[in-house]
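S.K.:
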Amino acid sequence: MAPAINESRFLDDLFAQGKIGWRVGHGLQRLAYSTSYLEARAWLNGKMEEAGLKTRVGG
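In the working numbering, the protein residues as written are 135 to 193.
(1) Which residue's Cα is closest to the Cα of methionine 182: Tyr171, Thr169, Asp147, Met135?
(2) Who does glycine 161 pair with in a DSSP beta bridge?
(3) Report yes or no: is there a C-beta of chain B within less than 7 Å of the C-beta of alanine 174?
(4) Looking at the secondary structure, which residues open and close the alpha helix (DSSP H) in which serine 142 lies?
(5) If I measure Cβ to Cβ from threonine 189 and keep anything under 7 Å in the same chain, skipping five residues before and after, which residues do I get?
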């Protein structure tokens with residue numbers, strides 16, 4: 135049996151992450167290694183750690 139996905143939490147996280155780098159009238163702008171890119175990456179890393187996952191960033 136596959137684990138169930140909490141749809142509400144999934145959508146909340148999706149929209150929260152989508153706000154990072156969003157510019158009204160321009161859309162999502164998250165160029166590689168820009169401030170918004172690094173913020174989104176840190177956000178995702180935090181979510182993974184909250185879930186008990188170990189993370190690392192390759193160099």
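Even for Gly, the Cβ is constructed at its ideal location relative to N, Cα and C.
M.R.: In terms of the structure at hand:
(1) Asp147
(2) Arg157
(3) Note that chain B does not occur in the displayed structure, where there is just one protein chain.
(4) 141 to 152
(5) Asn179, Met182, Glu183
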